[in-house]
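**Student:**
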Amino acid sequence: MSAPAPKRPNVVLILTDDHASHAIGAYGSVVNVTPRIDEIAAAGVRLDNCFCTNALCTPSRASILTGTYSHINGVTTLETPIDASQPTFVSQLQQAGYRTAIVGKWHMGEGPGHDPEGFDYWAVLRDQGEYFDPQILTETGVQVVPGYATDVITDLSLNWLESLDGDEPWCLLIHHKAPHRPWEPDEKHKGMYAQPIPVPATFDDDYATRSSAAHRAAMRIADHLTLTDLKQMPPEGLTYEQAALWKYQRYMEDYLACVASVDDNVGRVIDWLRERDLFDDTMMMYTSDQGFFLGDHGWFDKRFMYDESLRMPLVISYPARIPATEKPIEQIVTNVDFAQTILDAAGLPAHPRMQGLSIWPHLTTTPDAPTREAMYYRYFENDDINHHALAHYGIRTDTHKLIYFYNDGLGLPGSSPHTYPPEWEMYDLATDPEEMHNVYHDPSYASIREELKAMLWQLQAELEDTPHHSQPVPERLTAQTR
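Heads up, the sequence shown is in my numbering, so the first residue is 539 and it goes up one at a time.
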């Protein structure tokens, strides 16, 4: 007689906006505490090398949903809306009998063809959304809901759960606006990080060995935070360096207060599940759409392929199936893998179009199994309007990173048609984990440099992405075709 099939899990995916893993206690934060997010890690597992494949809100969300890279799902920039009819892990779950919902930030377009599909219930912010009294869009129209967005999103999420009848499993996506710019905390948490916040060791990075892309980027805390961001003028009489440190403290105080509200609301969801004896049978995931610079290299924001921007937090609990462990999963994982992992946990096959890999075995039975030799990243915007981050792509292995700034990508509608000469960067992550020294031109790295170039070319072919026309064929591959 065969054993009964395992019970299908409920799924809660909490996705925040711009929450860097180094502002989470479970990841060793030195700037704040997050006891409720840490509770998920303590009940399950922490993933230390989870990376996004395009460090922007809209593209990352599309990749999480569809299990595909930006060039496949079509959402390459902030201005390219999703074709919501394409297969997602949510639509696959719904077809298999799951009740499905999304509440909070959607940010992938609005209107027919772009509104959420595959969800029994959806209530989403319009565009970036407001921190206070947010506009909530549903199938029936737009309503302003009084309150603080992080609380409102949690309220609507729990209300939907309370409305469910029957025993069918459910999948709920809770997508918070926080801690996105302009970092507006509520009264409960405002000022809780008013004491001096440690400054990153790389705060004064002068980009001496980096390509011109780093020099052009308009993301410097010292130069590019606005009065809307800071909420008050810097004190008079400060030197440039003193003003930079003052701005860092103001930025981080509000950013971390927004995170504190998120943490409290994560706790509300955990408590709701525990009170109903559902926590053990629920696959609970906490993540963010990408990383964020918290003064690292003197920056705020994301976009670049450097690790602070590239790395996503990801903690997962499901006590009925995932053993709790203090040992993190250190293999390379990406946001493209989420869809197949969730479907695997539910006992469902991935859609053939999906390009990721399921890490369900790593979470349950084979934590040390390999994943991938390298991850692929591509940032399509050639932004001459806002942050001036130039188009680039590259690969990251456990020990090295290779980046090609091809600099004249698809760009943004209405952006200036500037192009810049292509440039390479390469980092030895074993000896230089903070990526301060570009070793691309160092003769001692010539061999590994050519290996990485060949790996980049091959991974692009495997993932069906088209290299930029300026990218040279690696010598190693050229020799193989002679």
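No residue lacks a Cβ here, since even glycine has one placed at the ideal position from N, Cα and C.
Which residues in the same chain have their Cβ closer than 7 Å to the Cβ of Ala622, if we skip the five residues on either side of it in sequence?
**Tutor:** Correct list, in chain order: Gly651, His652, Asp653, Pro654, Glu655.
**Student:** Among residues of its own chain, excluding the 5 on either side of Arg788, which ones have a beta-carbon nearer than 6 Å to its beta-carbon?
**Tutor:** Excluding sequence neighbours, Arg788 sits near Leu768.
**Student:** Let me know the secondary structure DSSP gives Asn548 once reduced to three states.
**Tutor:** If DSSP states are grouped into helix, strand and coil, Asn548 belongs with the strands.
**Student:** Apart from the five residues on each side of it in sequence, which residues of its chain come closer than 7 Å, Cβ to Cβ, to Thr740?
**Tutor:** So the list reads Asp834, His835, Glu972, Met974, once near-sequence residues are dropped.
**Student:** Taking 8 Å as the cut-off, does the stretch 701 to 708 touch the stretch 768 to 778 (at least 3 CB pairs, one atom from each stretch)?
**Tutor:** Not touching, per the Cβ criterion.
**Student:** Less than 9 Å between the C-beta atoms of Asp689 and Asp724, yes or no?
**Tutor:** Cβ distance < 9 Å, so Asp689 and Asp724 count as in contact.
**Student:** What residue does the beta strand (DSSP E) around Asp711 start on, and which one ends it?
**Tutor:** One point to set straight first is that residue 711 is Leu, not Asp, in the sequence displayed. Leu711 -> beta strand (DSSP E) spans 708 to 713.
**Student:** Compare the Cα-Cα distances from Tyr786 to each of Cys796, Val800, Ile735 and report the closest residue.
**Tutor:** Of the listed residues, the one whose Cα sits closest to Tyr786 is Ile735.
**Student:** Mapping the DSSP letters down to three states, classify Arg719 as helix, strand or coil.
**Tutor:** Reduced to three states, the DSSP call for Arg719 is coil.
**Student:** What's the call for Lys1040, buried or exposed, on a 16-neighbour Cβ count within 10 Å?
**Tutor:** In the structure displayed, the chain extends from 539 to 1020; residue 1040 sits before or after that span and is not available.
**Student:** Just reading off the beta strand (DSSP E) that Phe943 is part of, what are its end residues?
**Tutor:** Where Phe943 is concerned, the enclosing beta strand (DSSP E) stretches over 938 to 943.
**Student:** What are the partner residues of Thr676, as DSSP defines its beta bridges?
**Tutor:** Per DSSP, Gly679.
**Student:** DSSP three-state label for Thr1019, please.
**Tutor:** Confidence in Thr1019 is poor, its pLDDT being 48 and thus under 50, which makes the residue's placement too unreliable to answer from.
**Student:** In three-state terms, what does DSSP make of Gln1009?
**Tutor:** Gln1009 falls in the coil class under three-state DSSP.
**Student:** Between the alpha carbons of Val874 and Glu617, how many angstroms are there, rounded?
**Tutor:** For Val874 and Glu617, the distance between alpha carbons rounds to 20 Å.
**Student:** Only counting the same chain, and skipping five residues up and downstream in sequence, which positions put a Cβ closer than 6 Å to that of Gln681?
**Tutor:** If we look at Gln681 and ignore the five residues flanking it on each side, its Cβ neighbours are Ile674.
**Student:** With DSSP as the reference, label Thr820 as helix, strand or coil.
**Tutor:** Strand, per DSSP.
**Student:** Helix, strand or coil for Cys590, going by three-state DSSP, please let me know.
**Tutor:** Looking at Cys590 - three-state DSSP - the assignment turns out to be coil, as it is neither helix nor strand.
**Student:** Excluding sequence positions up to five away, which residues of its chain have a Cβ less than 8 Å from the Cβ of Glu1002?
**Tutor:** Answer for Glu1002: His609, Ile610, listed in chain order.
**Student:** Can you tell me which residues form a DSSP beta bridge with Ala661?
**Tutor:** According to DSSP, Ala661 bridges with Val641.
**Student:** Run through DSSP, which three-state label would Met539 get?
**Tutor:** Legend: pLDDT at Met539 = 47, less than 50; position of this residue unreliable, value from coordinates given subsequently. Three-state result, Met539: coil.
**Student:** Taking only three categories from DSSP, how would you classify Gly649?
**Tutor:** Of the three classes helix, strand and coil, the one that applies to Gly649 here is coil, per DSSP.
**Student:** Let me make sure I understand the geometry here. Which of His889, Asn976, Asp966 has the alpha-carbon closest to that of Ala634?
**Tutor:** Of His889, Asn976, Asp966, the residue nearest in Cα terms is His889.
**Student:** Output the boundary residues of the beta strand (DSSP E) element that contains Asp966.
**Tutor:** That run of the beta strand (DSSP E) goes 961 to 966.
**Student:** Between Gly885, Phe876, Glu846, which lies nearest to Arg859 when the distance is taken from Cα to Cα?
**Tutor:** Of the listed residues, the one whose Cα sits closest to Arg859 is Gly885.
**Student:** Measuring only from the beta carbon, is Leu553 closer than 8 Å to any heavy atom that is part of the ligand COA?
**Tutor:** Absent from the structure shown: the ligand COA. Ligands present: none.
**Student:** Can we say the stretch 555 to 569 touches the stretch 794 to 809, given the rule of at least three CB pairs closer than 8 Å?
**Tutor:** They touch, by the three-pair rule.
**Student:** Helix, strand or coil, according to DSSP, for Gly829 in the structure here?
**Tutor:** In the structure shown, Gly829 sits in coil (DSSP, three-state: anything other than H, G, I, E or B).
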